[in-house]
Structures are given as C-alpha cells and as structure tokens.
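As you go down the protein sequences, you meet chains A and B in turn. Take 8 as the starting number for the first sequence in my numbering and just add one per residue. Take 79 as the starting number for the second sequence in my numbering and just add one per residue. Following: one structure in structure tokens, then a few remarks.
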Amino acid sequence: MKIHEYQARDLLADAGIPVPSGKMVQTIEEAEQQAKVLFDAGNTKIVIKAQVHAGGRGKAGFVKLVSSVDEAREAAKFMLTNRMVSPQTGEDGLEVKRLLLAAGVEIEKEYYLAITVDRTNNTSTMIASAEGGVEIEAVAESNPDAIHKTPMHPLLGLEPYQARQLAFKLGFVGKQVGQAVNIMMRLAKLFISSDASLAEINPLIVTPPTDEHPNGLVLAIDAKFSFDDNAMFRQKHIADMFDPAEENPAEMRANKFDLSYVALDGNIGCLVNGAGLAMSTMDIVKLHGGEPANFLDVGGSATEEAVTEAFRIILSDKRVQGVLVNIFGGIMECDKIARAIVASAKEVGFEVPLVVRLEGTNVAAARKILEAARSEIPSMTTATDLADAAKKVCAAVTVAV
Amino acid sequence: MAILIDGKTKVICQGITGSAGATHTKGCLGYGTQMAGGVTPGKGGQSDDNGLPIFNTVADAVDKTGAIATMIFVPPPFAGDAILEAAAAGIEVICAITEGIATQDMIRVKAVLNEYPNSHLIGPNCPGVITPGRKVSGEGATATFENGCKIGIMPGYIHLAKEDASTGKAVGIISRSGTLTYEAVWQCSELGIGQTTCVGIGGDPVKGLNFIELLDMFNKDDETDGVVMIGEIGGSDETDAARWIKENMTKPVAAFIAGKTAPKGKRMGHAGAIIGGKDDTAQAKIEVLQSCGIHVTESPADIGSTMAAALGV
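Now the structure itself:
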C-alpha cells in the first residue's frame, strides 16, 4: 500500500525527523492562506506540489517554486483545475485534488536514505548514498560503490554504531553527524513499528552554513513510503491513509472479492488459479504470439460468485478479444470453476472466443458440467493441456482480429 | 529414500479445527499420511471428525504422539507464533501453509529459528511438501496410495512414486509457486518420471528452506536422479541457486522461471513476485541459469519434457 507525500512527511515529523514546515491543501483559497502563512514566517520561497502517486510531476508542471502569494495562487489554480498528464498517467491524465505547500529550502548538498526489506539477508536493510536527489537506480548502475548498504539486526533493529559508521561514510561533518544519526535511528524505528516495506527520503539535505548553524541543518525534503498489506490489520492509522482514487478501479473491484488482478495492455483475458501459474499462463500466451490483457489469480478458496465476478471484470475490458481459463485444481475444485463459467455465460455472455483448460481436483465432474452446457456457450473450446490452450486462444484471437 | 519426510513420518496439524485445517487434515489422511493429531488452544482433550486427538499445545502433541512434522493453518496474525511454538517443541519439519503473514513477523521468526538447527521451516504461503506413495488401486483422483507422506494442500494423485515410474527415474521438485508446481509434477508423471519429494517453498520474500538447502538435500539423496526448479520474478534466490549448482550439483537440473511478461513494479499475486531492479526479471534469471549449465525451458508446457531430455529418458 502506498501513501501520499504529505502523509509521508507527517509520519516523519511525528517520528521526530525534521522536515521543512508545510501543509496539505485542497482548494485555491486554502493554498493562498497557507502561502501567506509561510511567507509571513520569513520564508522567501515556497514549493507547491501536486499530491498524486504517479511520477513525472515536475516535467508536467505540477511542482512549482514560487516567491509571492499571487504566484502561489496561480500555481494552485493551474494544478487544481487541469489534469496532470505524464508518461506514468496515460493520455487522460489524473485529476489533482490535493496540494502540498512547503517552505522552500536552500540546499548545500543532497543525500539519499532508505530502508527496504532485504530478502537475501532476511532482514531490513538501510541504503544510503551521498549522491542524493537523483534516481538511485541510476547511481547503482554508474557508481555502485557510492551506495552503502547496512543490514539491520532482525530483532534489535538499527544500532547507533551502525548509524554513526554510515554517517561518517557519507561524509557528514561536525554537528551534521549527530543530526544524521538521529534521523537514521528514528527512520529505522518508524520502518519497523509501521510495518513499512519501503521508507525513502530523497533527498535528505544539508542547508547552507549560517552563523547559528555553521554546519547547516540536516533535513528530509521528500519522502516515499509503502507498506506491507499483510500487516494492515495492526496498523489502522496507516491503513486509514489509503486513497482508493489512486488505484486502478478494476483492480480495486477484484480486491473486494479476494481476487488478485493486474491490468495489462493485451487482448487475451486470462483467468487462472495461483500466482505462479497465472504468470506462466501470460508467458505462454506471449510465447504463442498473443498479448495477455491481465494477470488474474482467483486464489485457492474463491467462491463461485467470486469467479463469476472475475469473468465480469475480464469481459468489462473492451480490448479483450478472447479469454483463456487455466485451472489446475488443488484446493480449488474444477467443478466450481465450470459452474461459474456456465453462470457467467448466462449472465454476461461470452461473445468472444473462450478456451478452457481444467486439470486436477474434481476435473471429471467439471468436464461433465461443461459438456452439458456446450450448446449454451457456442464460443467455448476445451483444451487438453497448457500448450494446446495457448495455441487455441491465440489462433482464435488472430482470426477475430 | 526421499528428503525431509517419508511414509513413517508422524504429522500433526496446528489449527486442526479451522475449516482449512480440518479439510486438509482429512485430505492428508486420505492420501495415507500418518496424521497423529492436531493443536487448537482451548480444545485439548477433544477429537476431530476423524477421531484424531486435539491438544492445547504443540509440546503436548509431540509428547503424546511422537510427531516430528507439523502442518500450520493458523491465521496470519498468529502464524509466526505457531511456527516458533513448533520449533520450541522439537518439531523437525514445520510446514506453514498460511498465506498473508506480515514480513516483519517472518523476519523475527527466521532470526529466532536459527536457535533451532534441527527444525526446518517450509513456507509460509506454500502448498506444502509431499513424498509420493505407491499406488494401491484406482485411477485419477480416486486412486489410493500407501507409504507416502503428504503434508499440505496439493492434489496427491498427480504424483508418481519412483517404484511406479515407467522410466525408473525420479526427480526432486522445488518451487516458489503452488499450482505451477502441480503443473510440473503432472507433466513429469505423464512422462513416467517419478518424484522423490516435492517441496513448495512459498511465494513470500522471507521464508524457510530455500533452493540451495533443498538442492543440497536432493544432491545427497540416492534415489533422486535430477531436480526440477520452478522460480519466478523478484529477488535473487534462483541466481544464487544457479551459482551453487554450477559448483556443487552432480545431478541434472531443469528449470522454469515464471513472469517473463510481468511489468516492472507491479506485484504479481505473491508478496515476493515483483520486479524491483534489472536482476529481478525473468530474462536476467534465465540467462544466469543457462550460463550455469541448467536446462531452462521458456515454456511452462515443456517443464516435464525438458527434465526428461536432461535425464536422457
């Protein structure tokens, strides 16, 4: 589960990590008020950022640095009344409902700091680099030595000595060291206590020296978090931050029925039980020249109703020109799938070719059900194995095109 | 032989009175597994529908039944605790079927399990482990078997014991997936290739036994003639295993990696199946596996035939 930048900033601030002052607003008037508050507090610049999960905000004009209340008002008006179009949003773009207004800060140097689940070491690992503010993947590619990885103890978390080592490696000096260590320790605690799967501060910055702070101040400017869906039962505070408007509607609909669905770009709808088999079914469709329209795992214990809903979701995608059902019954009983196919045929209708491959638990009963309903589902073909099924659905779609 | 479990292994079920626990206890009994009882705190002293004794704690169950293996169906918030209870009671094979355990729980569980070197965790979020038994009678789903051990939710009848295999060969199967494992098993059985033991290691990022530990066991097992390895996108388990295979494995390995068509950054069902960096992709893994001498198939329909060719049958 992902959250917005303003929510991530709030989490950091609540954890005692310094962030520039700022506030989320939802109207042009609120933006104007907040801009006034920030300028009155002595800030000379403020940054206005559209709050959407999609990237590419800067290039789309949805991140702006302004130096007056009038400019702030204009920027807020632009962002709240235009749709944001970026390579990550698709042609239609996204409606922006929330803005973050924050004090603009002078930057002396940028760093990268993150924690993620480290499956190789079976723990959580802190990742840091003195080359911040850019895509960390690009740094990993061009200069892997500039990235420092510190596995945290699985039971004790990050130890202060580890944070100190890291702070010195990153080149912090003087009073910066204590500030950086404090931020690392608090971020590590927050990561564990909130069941995060990614906590990223990019950039972490040092401000220019002043008389009061000769080494500058270490601050978190931008933050990104995602959380472990499996832990949300004990993280109500985090779960409440979920914004359904940021999700694909078909994927949300599928979630309600415990179906795991991911929309893709092709024209062959796939209905499969099990994640590995569902991915493999997409792979074999592609291998035979087709393009999968989706990943759909109905799971092991789906009801007949959930499977029928799965067909509704697949068929509501207008690009779908053929459907492949691939079930290897284990906990899932094949006859349940067969009954759902017949029910869906009656309710939604299979106007596109349907290829069905069933194997495993209760397959004999399932075949009988489908045979009896054959006249009601003229577009249905049965397949003997996985390769046969993929060939048949690809051939049917090619003909249909 | 086989690895981890055989026809004599005594098994209990943690969460035996829940609907999944009850269903699959019955399924395992039906396959011929030596189910010895179950655990549901507060229901100790009762019996389940099959007449198996229920205990309050795993320690009681081990004490009274001599079980050395467990099958866990406890709900996700309590499953990590159930794993540790089993290890503390001396259980050697802990099979966690439960899907949806929080990653931070598994990180802690995994660290504590280091204190119990004799306990092997399989899963979580996995179909379980099976050492196929010999067929006694019947065909297809109605066949009956003896001297096998099924711990988990897989359909038993698709498996083939070495003694019943027309090729006289048997392989070990290790997989991150559930139903895709069945697909691989079924293809091997159809070609007359038996299985010594099939292990579903699960689709989560932090888990128990991994490819390398199991490859090592299969390498040392006299009955195992080769290994089928089923991987998927995400992480580096398969490439780590490939390098180990190149150095140590004396038996042929066939492999398939699921998710060649998966888009970057999208979680494909399993918590662990997500492409993060460029080494996480199916294509990157396939290339490393091939360079380490593993027989990789690009089609999930050719897993069995790829293994057959590698075995020379």
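A virtual CB, placed ideally from N, CA and C, is assigned to each residue, including glycine.
Alpha carbon to alpha carbon, how far is residue j from residue i? Give it in angstroms, no decimals.
i               : j               : result
M184 of chain B : G354 of chain B : 20 Å
K30 of chain A  : M86 of chain A  : 16 Å
G329 of chain A : G313 of chain B : 33 Å
M113 of chain B : K88 of chain B  : 6 Å
S215 of chain B : S267 of chain B : 17 Å
A42 of chain A  : S74 of chain A  : 9 Å
V146 of chain A : I208 of chain A : 15 Å
K240 of chain B : D303 of chain B : 10 Å
A313 of chain A : G164 of chain A : 41 Å
K343 of chain A : I175 of chain B : 22 Å
V404 of chain A : N274 of chain A : 8 Å
A160 of chain B : S149 of chain A : 45 Å
I372 of chain B : T214 of chain A : 53 Å
M339 of chain A : A309 of chain A : 7 Å
L393 of chain A : A379 of chain B : 6 Å
F46 of chain A  : L101 of chain A : 30 Å
S93 of chain A  : L18 of chain A  : 27 Å
G139 of chain A : K176 of chain A : 14 Å
I251 of chain B : C276 of chain B : 4 Å
L361 of chain A : T388 of chain A : 6 Å
E36 of chain A  : R241 of chain A : 37 Å
Would you check if the distance between the CB atom of residue i and the CB atom of residue j is smaller than 8 Å?
i               : j               : result
I245 of chain A : S200 of chain A : no
F289 of chain B : A319 of chain B : yes
C277 of chain A : P256 of chain A : no
T101 of chain B : C91 of chain B  : no
G211 of chain B : F223 of chain B : yes
G230 of chain B : G278 of chain B : yes
R417 of chain A : A230 of chain A : Past the edges of chain A, shown from 8 to 408, lies residue 417 of chain A, and the structure says nothing about it.
K56 of chain A  : L72 of chain A  : no
S377 of chain B : I334 of chain A : no
G226 of chain B : T245 of chain B : no
I271 of chain B : A386 of chain B : yes
Y118 of chain A : S136 of chain A : yes
A349 of chain B : I311 of chain B : no
A336 of chain B : M307 of chain B : no
T274 of chain B : A243 of chain B : no
T384 of chain B : G337 of chain A : no
I414 of chain A : A195 of chain A : Examination of residue 414 of chain A is not possible in this model, given that chain A is present from 8 through 408 alone.
D300 of chain B : M79 of chain B  : yes
Return no unless some Cβ of chain A is closer than 8 Å to the Cβ of residue i.
i               : result
R413 of chain B : A question about residue 413 of chain B goes unanswered here, because the residues of chain B that appear run from 79 up to 391.
T87 of chain B  : no
S314 of chain B : yes
E365 of chain B : no
P195 of chain B : no
P202 of chain B : no
S383 of chain B : no
P210 of chain B : no
Does any residue of chain B bring its CB to less than 8 Å from the CB of residue i?
i               : result
N129 of chain A : yes
D4 of chain A   : Residue 4 of chain A lies beyond the range of chain A shown here (8 to 408); nothing can be said about it.
V269 of chain A : yes
I114 of chain A : no
V359 of chain A : no
P256 of chain A : no
A149 of chain A : The sequence shown places Ser at residue 149 of chain A, rather than the Ala named in the question. No, its Cβ sits nowhere closer than 8 Å to a Cβ of chain B.
N237 of chain A : yes
I199 of chain A : yes
V314 of chain A : no
Taking a Cβ distance cut-off of 7 Å, strictly less, list which residues of the stretch 255-286 of chain B are near chain A, in chain order.
-> S255, G256, T257, L258, Y260, E261, W264, G281, P283, V284
Determine which residues of the stretch 274-306 of chain A have a Cβ less than 7 Å from any Cβ of chain B, and write them out in chain order.
-> N280, G281, A282, G283, L284, A285, M286, S287, M289, D290, I291, K293, L294, P299, F302, D304
Segments of 4+ residues assigned as alpha helix (DSSP H) that fall wholly inside the stretch 157-236 of chain A = 167-176, 182-200
Between the stretch 339-354 of chain B and chain A, which residues of the former have CB atoms less than 9 Å from a CB of the latter, in chain order?
-> T339, A340, P341, K344, R345, M346, G347, H348, A349, G350, A351, G354
Which runs of the alpha helix (DSSP H), 4 residues or longer, sit entirely within the stretch 302-380 of chain A?
-> 311-323, 341-354, 370-379
At a Cβ cut of 7 Å, what residues of the stretch 320-347 of chain A count as close to chain B, listed as they run along the chain?
-> F335, G336, G337, I338
Please go through the stretch 236-297 of chain A and give each complete alpha helix (DSSP H) segment of 4 or more residues, from N-terminal end onward.
-> 243-246, 256-263, 282-294
Interfacial residues, the stretch 218-233 of chain B to chain A, with Cβ spacing under 8 Å | G218, A219, I231, M232, P233
Which full runs of the alpha helix (DSSP H) of 4+ residues lie inside the stretch 44-81 of chain A, going along the chain?
-> 64-67
Pick out the complete alpha helix (DSSP H) segments inside the stretch 101-163 of chain B, 4 residues or longer, and give them in chain order.
-> 136-143
Can you list the beta strand (DSSP E) stretches of 3 or more residues lying completely in the stretch 108-137 of chain A, in chain order?
-> 116-125, 130-136
What residue ranges within the stretch 235-267 of chain B form continuous beta strand (DSSP E) runs of no fewer than 3 residues, ordered along the chain?
-> 248-253
Proximal residues, the stretch 175-196 of chain B versus chain A, C-beta separation under 7 Å = G178, I179, A180, T181, Q182, I185, R186, K188, A189
What are the residues of the stretch 326-340 of chain B that lie near chain A, defined by any Cβ-Cβ distance shorter than 8 Å?
-> F334, A336, G337, K338, T339, A340
Within the stretch 291-375 of chain B, note down every full alpha helix (DSSP H) run reaching 4 residues or more, in order along the chain.
-> 315-326, 360-369
Interface positions of the stretch 363-387 of chain A facing chain B (Cβ-Cβ less than 9 Å), listed along the chain = E366, G367, T368, N369, V370, A371
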